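Chains as they are written, first to last, in this note's numbering: chain A, 24 to 200; chain B, 26 to 195. In what follows, a structure is listed as C-alpha cells, so that the remarks can point back to it.
See below:
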C-alpha cells in the first residue's frame with residue numbers, strides 16, 4: 024500500500040469534523056475547504072511524527088484551529104473592521120443556534136438547563152462572553168485566544184476569571200447549580 | 026478559619042458544577058455542529074485526490090543537473106541542502122566564524138620566521154687584536170673627552186663667588 028493511501032486511511036475519516044471546525048471559524052465554504060487542504064498538507068509533512076490513532080483527532084483539531092486563527096488574523100489585518108463584525112456575527116449565530124439545542128436533546132429538563140445557561144451567558148459583558156465561548160465551546164487555549172483576539176494571555180485569564188465568577192453567581196442565584 | 030475553608034469548598038463545588046454544565050453545553054454544541062454541517066458536494070473526493078497527489082506534489086529537490094549546469098548550480102547551495110531560514114542563518118554564521126578562525130590561524134602560522142644571521146666579526150686573531158685595539162683606543166679617547174668636560178664644569182663652578190655667606194639661618 025502506498026504511503027499516501029496509508030495516510031489517507033488515518034486522516035480522512037476525520038475530514039468532516041475538521042471541516043465543521045474550519046467552517047465554524049471561517050464561515051465560508053470555499054475558505055474552509057482551502058484551509059482543509061492546508062491542514063492535510065501540514066499533516067502530510069509531519070506524517071512521520073503524527074501521534075497514535077487515539078490521539079490523532081485532538082492533534083488534528085489543534086492544527087486546524089491554529090490555521091484558522093492564522094487566517095482570521097490575516098483577514099482582520101487587511102480589514103480591521105471585520106474583527107468586530109465577524110465576532111459579533113459569529114456570536115449571534117452561535118447564540119441563535121444554541122437557543123435551539125432541543126432537537127438533539129431529548130431530556131426536557133436537560134434542554135431547559137442548557138437554554139437557561141445560554142441566557143445567562145448572553146447577559147455577560149460581550150468581551151467576557153466571547154472569551155468564555157472561545158474557551159468552553161470552541162476549545163481554544165488561553166494562548167490561542169490571546170493570539171486570535173490580539174490581547175495578552177494575562178488579559179484573557181482575567182476576562183475568563185471574571186466571566187466565570189459572574190456566571191457562577193448568576194447561576195447560583197437562579198438555582199441552576 | 027473554618028468558615029473560610031467551608032466557603033472555599035463551597036466555591037470549588039460550585040465551580041465543578043459550572044464546569045459540568047459548560048461541558049454539557051460544549052457537547053450539545055458539538056453534536057449540533059456535526060449534525061448541521063454538511064460537506065459540500067464532491068469535496069470529500071477532492072480531498073481524497075489531494076491526499077493521493079501529495080506524494081507527487083512532494084517533488085524531490087534537484088541536487089545536480091549535469092547537462093544543463095554550466096559552471097554554477099541552478100539552485101542555491103542552501104536550498105539544495107533544504108535548510109530552514111533559521112538553520113541557514115546558523116550555517117552562515119558558523120561558516121563565517123570558521124573562515125575567521127582559519128584566517129587568523131593561518132596568518133600567524135604562515136608568518137616568516139626572523140632570520141638570525143651569525144656573522145663572524147674577524148677572520149684572523151691578528152685582525153681581532155687590531156679591532157680590539159681600535160675599540161679600546163676609541164673608548165679611551167671618549168673617556169678622556171668626558172673627563173675634560175667634567176673638569177671644565179668643576180672649574181667653572183668653583184670660579185664663581187661664594188654666596189653662602191649671605192645666607193643666614195635663624
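Note that beta-carbon positions come from the ideal geometry of N, C-alpha and C, so glycine has one too. Given the structure is predicted, the values throughout are model-derived calculations rather than measurements.
Residue i at chain B interface by Cβ criterion, 8 Å
{"i": "residue 83(A)", "result": "no"}
{"i": "residue 35(A)", "result": "yes"}
{"i": "residue 56(A)", "result": "yes"}
{"i": "residue 67(A)", "result": "yes"}
{"i": "residue 26(A)", "result": "yes"}
{"i": "residue 9(A)", "result": "No answer is possible for residue 9(A): it lies beyond the span of chain A, which begins at 24 and ends at 200."}
{"i": "residue 159(A)", "result": "yes"}
{"i": "residue 152(A)", "result": "no"}
{"i": "residue 197(A)", "result": "no"}
{"i": "residue 39(A)", "result": "yes"}
{"i": "residue 88(A)", "result": "no"}
{"i": "residue 97(A)", "result": "no"}
{"i": "residue 102(A)", "result": "no"}
{"i": "residue 149(A)", "result": "no"}
{"i": "residue 52(A)", "result": "yes"}
{"i": "residue 59(A)", "result": "yes"}
{"i": "residue 79(A)", "result": "no"}
{"i": "residue 163(A)", "result": "no"}
Any C-beta of chain A under 8 Å from that of residue i
{"i": "residue 110(B)", "result": "no"}
{"i": "residue 66(B)", "result": "no"}
{"i": "residue 77(B)", "result": "yes"}
{"i": "residue 12(B)", "result": "Absent from the structure is residue 12(B), since the part of chain B shown begins at 26 and ends at 195."}
{"i": "residue 94(B)", "result": "Confidence in residue 94(B) is poor, its pLDDT being 47 and thus under 50, which makes the residue's placement unreliable; the coordinate value appears in the next sentence. So no, residue 94(B) is outside the interface."}
{"i": "residue 50(B)", "result": "yes"}
{"i": "residue 47(B)", "result": "yes"}
{"i": "residue 43(B)", "result": "yes"}
{"i": "residue 13(B)", "result": "The displayed coordinates of chain B run from 26 to 195. Any statement about residue 13(B) would go beyond what the structure contains."}
Beta-carbon contacts of residue i that lie in its chain and below 8 Å, excluding the five residues immediately before and after
{"i": "residue 197(A)", "result": "139, 143"}
{"i": "residue 150(A)", "result": "182"}
{"i": "residue 187(A)", "result": "155"}
CA-to-CA distance, residue j to residue i, given in whole angstroms
{"i": "residue 96(A)", "j": "residue 86(A)", "result": "15 Å"}
{"i": "residue 63(A)", "j": "residue 130(B)", "result": "51 Å"}
{"i": "residue 148(B)", "j": "residue 135(B)", "result": "37 Å"}
{"i": "residue 42(A)", "j": "residue 75(B)", "result": "15 Å"}
{"i": "residue 80(B)", "j": "residue 81(A)", "result": "25 Å"}
{"i": "residue 115(B)", "j": "residue 75(A)", "result": "33 Å"}
{"i": "residue 101(A)", "j": "residue 127(B)", "result": "50 Å"}
{"i": "residue 181(B)", "j": "residue 150(B)", "result": "46 Å"}
{"i": "residue 152(B)", "j": "residue 163(B)", "result": "16 Å"}
{"i": "residue 44(A)", "j": "residue 59(B)", "result": "9 Å"}
{"i": "residue 26(A)", "j": "residue 125(B)", "result": "46 Å"}
{"i": "residue 69(A)", "j": "residue 175(A)", "result": "30 Å"}
{"i": "residue 157(B)", "j": "residue 122(B)", "result": "59 Å"}
{"i": "residue 61(A)", "j": "residue 68(B)", "result": "14 Å"}
{"i": "residue 87(B)", "j": "residue 43(B)", "result": "Annotation note: pLDDT 49 at residue 87(B) (below 50); position unreliable, no value reported."}
{"i": "residue 51(B)", "j": "residue 137(A)", "result": "10 Å"}
{"i": "residue 183(B)", "j": "residue 165(B)", "result": "27 Å"}
{"i": "residue 45(B)", "j": "residue 39(B)", "result": "10 Å"}
{"i": "residue 53(B)", "j": "residue 29(A)", "result": "33 Å"}
{"i": "residue 195(A)", "j": "residue 133(A)", "result": "17 Å"}
Close-in-space but distant-in-sequence residues of the same chain around residue i (CB under 7 Å, 5 per side omitted)
{"i": "residue 92(A)", "result": "167, 170, 171"}
{"i": "residue 160(B)", "result": "none"}
{"i": "residue 66(A)", "result": "34, 73, 83, 86"}
Outcome for residue i when other beta-carbon atoms lying within 10 angstroms are tallied against a minimum of 16
{"i": "residue 133(B)", "result": "exposed"}
{"i": "residue 200(A)", "result": "buried"}
{"i": "residue 66(B)", "result": "exposed"}
{"i": "residue 135(A)", "result": "exposed"}
{"i": "residue 158(A)", "result": "buried"}
{"i": "residue 160(A)", "result": "buried"}
{"i": "residue 182(A)", "result": "buried"}
{"i": "residue 37(B)", "result": "exposed"}
{"i": "residue 171(B)", "result": "exposed"}
{"i": "residue 179(A)", "result": "buried"}
{"i": "residue 184(A)", "result": "exposed"}
{"i": "residue 131(A)", "result": "exposed"}
{"i": "residue 48(B)", "result": "exposed"}
{"i": "residue 41(B)", "result": "exposed"}
{"i": "residue 71(A)", "result": "exposed"}
{"i": "residue 56(A)", "result": "buried"}
{"i": "residue 175(B)", "result": "exposed"}
Nearest-angstrom beta carbon gap, residue j and residue i [assumed within contact, 8 Å]
{"i": "residue 90(A)", "j": "residue 58(A)", "result": "6 Å"}
{"i": "residue 31(A)", "j": "residue 70(B)", "result": "Their Cβ separation, rounded to whole angstroms, is 12 Å, which puts residue 31(A) and residue 70(B) out of contact at 8 Å."}
{"i": "residue 49(A)", "j": "residue 94(A)", "result": "6 Å"}
{"i": "residue 147(A)", "j": "residue 190(A)", "result": "7 Å"}
Sequence-distant residues of the same chain with beta carbon closer than 6 Å to residue i, five excluded per side
{"i": "residue 38(A)", "result": "none"}
{"i": "residue 177(A)", "result": "none"}
{"i": "residue 193(A)", "result": "143"}
Requested in this report: May I ask you to list, following chain order, the residues of the segment 165-195 of chain A that have a beta carbon less than 8 Å from some beta carbon of chain E?
Outcome: No chain E appears in this structure, whose protein chains are A and B.
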